[in-house]
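Working notes, structure below.
Residue numbers (this note's numbering): 4 to 135.
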């Protein structure tokens, strides 16, 4: 789902529409009403249910009295390099954490004796002897 949000506009009348390859899209589009911000300005959000197709150009177009011409924002499906780096760092940290966890698990599970505890001596933290 794509979202086109428009903030801080006045007057209230505005038109937000989606285009696919320059043609207006009307199906699978939902929009909120103009929402008052409480400071004389408004905001609106428009949603487009979208299944990406190769070579398509999807745009959000805003028409408002404060604009000389419609404001058109194209959707760019490519991921910014900073986001790619965050994903790589996160994945590397996850893998390192799993390796450390597995190494610790193997170390501690290998150092524990297998089977019942030997008889005699101090059992289960209970001391034996006569009271004072």
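Beta carbons: idealized from backbone N, C-alpha and C, even for Gly.
Just tell me which of 45, 47, 17, 63 has its CA closest to the CA of residue 53.
63
Identify the continuous beta strand (DSSP E) that holds residue 8 and give its terminal residues.
5 to 12
Going by C-alpha distance, which of 85, 5, 18, 4 is nearest residue 72?
18
Using the three-state DSSP reduction, which class does residue 95 fall into: helix, strand or coil?
helix
For a quick check, are the C-beta atoms of residue 75 and residue 22 less than 9 Å apart?
yes
For residue 15, collect the residues of the same chain with a Cβ closer than 6 Å to its Cβ; drop the 5 residues on either side in sequence, then sort them by chain order.
37, 45
Between residue 84 and residue 7, what straight-line distance do the alpha-carbon atoms span, to the nearest angstrom?
22 Å
CA-to-CA distance, residue 82 to residue 12, given in whole angstroms
29 Å
Secondary structure at residue 86, three-state DSSP: helix, strand or coil?
helix
Thinking C-alpha only, which one of 68, 25, 90, 108 is nearest residue 59?
25
Report the residue from 9, 61, 57 whose alpha carbon sits nearest the alpha carbon of residue 51.
61
Would residue 103 be called buried (16 or more neighbouring beta carbons within 10 Å of its own) or exposed?
exposed
Nearest to residue 42 (by Cα), restricted to the options 10, 79, 27, 30
10
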